[in-house]
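Student:
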Amino acid sequence: MNDFEPRGEYLLVACQAGAEDVVAARMAQALPGSTRGAWRRGVVTFRLPPGVDPSPADLDRVRDSLVVARTLFRCYGQIRWEDDAGRLTALRERLPAARFDAVHLYPRDLRALAAADVVADMPRLATAAGLAAAFPEATLGIARPGDLVLDCLSDGDDRWWIGWHRAQAPSTCWPGGLHPRPLPGDKVSRAWLKLDEAIESFGVEFSAGQHACELGASPGGACQRLLESGLEVVGIDPALVDPVVAAIPGFTQWRMRARDVPLRDLRGFEWVVADMNIDPTSTLEAIGRVVTAPGSRAGGIIATLKIPDWSRAAGLDAWLGQFRCWGFTPRARQLSTGGREVCVVALRTGPRRNRPGGQAAAQGSEGVRRARSARRRPDR
Ligand SMILES: C[S@@+](CC[C@H](N)C(=O)[O-])C[C@H]1O[C@@H](n2cnc3c(N)ncnc32)[C@H](O)[C@@H]1O
Numbered sequence: 007m008n009d010f011e012p013r014g015e016y017l018l019v020a021c022q023a024g025a026e027d028v029v030a031a032r033m034a035q036a037l038p039g040s041t042r043g044a045w046r047r048g049v050v051t052f053r054l055p056p057g058v059d060p061s062p063a064d065l066d067r068v069r070d071s072l073v074v075a076r077t078l079f080r081c082y083g084q085i086r087w088e089d090d091a092g093r094l095t096a097l098r099e100r101l102p103a104a105r106f107d108a109v110h111l112y113p114r115d116l117r118a119l120a121a122a123d124v125v126a127d128m129p130r131l132a133t134a135a136g137l138a139a140a141f142p143e144a145t146l147g148i149a150r151p152g153d154l155v156l157d158c159l160s161d162g163d164d165r166w167w168i169g170w171h172r173a174q175a176p177s178t179c180w181p182g183g184l185h186p187r188p189l190p191g192d193k194v195s196r197a198w199l200k201l202d203e204a205i206e207s208f209g210v211e212f213s214a215g216q217h218a219c220e221l222g223a224s225p226g227g228a229c230q231r232l233l234e235s236g237l238e239v240v241g242i243d244p245a246l247v248d249p250v251v252a253a254i255p256g257f258t259q260w261r262m263r264a265r266d267v268p269l270r271d272l273r274g275f276e277w278v279v280a281d282m283n284i285d286p287t288s289t290l291e292a293i294g295r296v297v298t299a300p301g302s303r304a305g306g307i308i309a310t311l312k313i314p315d316w317s318r319a320a321g322l323d324a325w326l327g328q329f330r331c332w333g334f335t336p337r338a339r340q341l342s343t344g345g346r347e348v349c350v351v352a353l354r355t356g357p358r359r360n361r362p363g364g365q366a367a368a369q370g371s372e373g374v375r376r377a378r379s380a381r382r383r384p385d386r
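Residue numbers for the sequence shown follow this note's numbering, beginning at 7 and rising by one.
1. Can you name the start and end residues of the beta strand (DSSP E) that Ser-160 belongs to?
2. Does the region 136 to 143 come within contact of the region 209 to 221, defined as at least 3 CB pairs closer than 8 Å?
3. The alpha helix (DSSP H) with Ile-293 in it runs from where to where?
4. Using DSSP with H/G/I as helix, E/B as strand and the rest coil, what is Ile-148?
5. With the cut-off set at 8 Å, would you say Val-124 and Leu-116 are in Cβ contact?
6. Assuming Ile-254 and Leu-233 make a contact with CB atoms under 8 Å, what is their CB distance in whole Å?
7. Assuming Glu-15 and Arg-53 make a contact with CB atoms under 8 Å, what is their CB distance in whole Å?
8. Drop a sphere of 10 angstroms on the beta-carbon of Arg-172, count the other beta-carbons inside from all chains shown, and report buried for 16 or more, exposed for fewer.
9. Have a look at Val-296 and Val-267 and give me their C-alpha separation to the nearest angstrom.
10. In chain order, what residues of the same chain have a beta carbon less than 7 Å from the beta carbon of Trp-325, not counting five sequence neighbours either side?
11. Counting C-beta neighbours from all protein chains within 10 Å, is the total for Asp-243 16 or more, i.e. buried, or is it exposed?
12. Is any non-hydrogen atom of ligand 1 found closer than 7 Å to the C-beta of Glu-203, if you look at the structure I gave you?
13. Going by the C-beta, is Ala-253 closer than 7 Å to any heavy atom of ligand 1?
14. Count the C-beta pairs between the region 313 to 325 and the region 267 to 281 that are closer than 8 Å, then say yes if the count reaches three, no if not.
15. Among Arg-261, Ser-288, Ile-293, Ala-299, which residue has its Cα nearest to the Cα of Gly-274?
16. With hydrogens ignored, establish whether the beta-carbon of Ala-121 is closer than 7 Å to any heavy atom of ligand 1.
17. For the region 85 to 94 and the region 44 to 59, state whether three or more C-beta atom pairs, one from each stretch, are separated by less than 8 Å.
18. Among Ala-245, Gly-345, Cys-21, whose alpha-carbon lies nearest the alpha-carbon of Ala-75?
19. I'd like to know whether the C-beta atoms of Trp-170 and Asp-161 end up nearer to each other than 8 Å.
20. Count the other CB atoms within 10 Å of the CB of Glu-211; is the residue buried (16 or more) or exposed (fewer)?
21. Should Arg-346 be listed as close to ligand 1, given that the test is whether its C-beta is under 7 Å from any heavy atom?
22. Tell me the DSSP bridge mates of Glu-220?
23. Going by Cα to Cα distance, which pick from Met-262, Leu-201, Thr-258 is closest to Ile-307?
24. By a C-beta neighbour count over all protein chains shown, 10 Å radius and 16 as the cutoff for buried, is Thr-258 buried or exposed?
25. Would you say the beta carbon of Ser-195 comes nearer than 7 Å to a heavy atom of ligand 1?
26. Any chance you could list the alpha helix (DSSP H) runs of at least 4 consecutive residues sitting entirely within the region 59 to 134, in chain order?
27. Compute the beta-carbon to beta-carbon distance between Glu-203 and Thr-343, rounded to the nearest angstrom, for a pair I have assumed lies under 8 Å.
28. From the DSSP output, read off the bridge partner residues of Cys-349.
29. Below 7 Å, is the gap between the Cβ of Glu-220 and the nearest heavy atom of ligand 3?
30. Between Val-19 and Leu-269, what straight-line distance do the alpha-carbon atoms span, to the nearest angstrom?
31. Would you tell me roughly how many angstroms separate the C-alpha atoms of Ala-175 and Ala-149, rounded to the nearest one?
32. Comparing C-alpha positions only, which one of Val-50, Ala-292, Arg-187, Asp-70 sits nearest to Gln-84?
33. Could you name each continuous alpha helix (DSSP H) segment of 4 residues or more that falls completely within the region 13 to 47, going from the start of the chain to the end?
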């Protein structure tokens, strides 16, 4: 492992275009005393609080608590030059003795680019920009856990934001936090890819033969991914699931809305997956019916919370609180293959706290109440 860790006074967070205010609001809680610096669509920088020198593990915690951060790195600022050679000289002047295990070069704003295409094209672009020659010891592309990574975030033709991070979790090994796999041609929807990214980035482990239900299953990409992991799957959706998925052994569709499924039919699922194009509070109510159904065996939840407007992300902590009330520990991330939404993966770690009539019931409904009031909160 390369132990050289140059410092930088700034943090740079890359996010989906439009989520910059969410990053800033959550950073104020994650790292009190940090101040917002330069920002543009898809990028926000923060000056570290005076005297604070966070470790890579601290930075992992900050990035995870931001939820909408694709990547976060210790930043030196921008280097500008009109040609590649000049830019590399400037880079070397900033990092005189630095050796890196991996180099990540990625654009600030993905626009219509697919995450996997950016990652696939990266070695060619990095070589063309002279990075392969400048850092011959480094891997151009996906890093290994423990690698010291040079981040070059390109912001137009003549400008890079530069810095470094220590790779650890899967998404920190991917250039720009971008999921590196394309959507295979035989999958019926992009939801296959989203679930694939969620499984990999959160380290979800299924056991063959487990039962899953998906609330909002049509056309069926996510069910297809679950079936490929050996699960028995019930897809719940009034809209029809693609015949390719419907024909896979182990799949059943219940053609109805989630709230119309009788409670007694909901108790046999170990996994609850939800991807409905409805408000997050309604999604939570539908998941709550499954995980609190009498005799429920639910041990894991993979939920997509659609955020129609980023200002609604103010409700995120209340929504995550609802998972805790059910006895689950939630982790959340805005996936690089997802839209304006947040993926929550939650595993059961404690007893349910919202049994009817008890103090726990009050806590459970409090979570929904808080989520509702967050929904009414005016835009910042
Ligand atoms: C984004 S699509 C789901 C994509 C799907 N997960 C896949 O893998 O292809 C949203 C789906 O939610 C369904 N939906 C919306 N409200 C629902 C509800 N109350 N109960 C069940 N499904 C619902 C819609 O019919 C729609 O098919």
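Glycine is no exception: its CB is placed at the ideal position from the N, C-alpha and C atoms. What you are looking at is a predicted structure, and each value in this text was computed from that prediction instead of being measured.
Tutor: Concretely, from the data shown:
1. 154 to 160
2. no
3. 286 to 297
4. coil
5. yes
6. 5 Å
7. 6 Å
8. buried
9. 10 Å
10. Pro-286, Leu-290, Leu-311, Ala-377
11. buried
12. no
13. no
14. no
15. Ala-299
16. no
17. no
18. Cys-21
19. no
20. exposed
21. no
22. Gly-241, Val-279
23. Leu-201
24. exposed
25. yes
26. 62 to 72, 90 to 100, 121 to 134
27. 5 Å
28. Thr-310, Arg-339
29. In the structure shown, ligand 3 is absent; the only ligands present are ligand 1.
30. 43 Å
31. 10 Å
32. Val-50
33. 26 to 36
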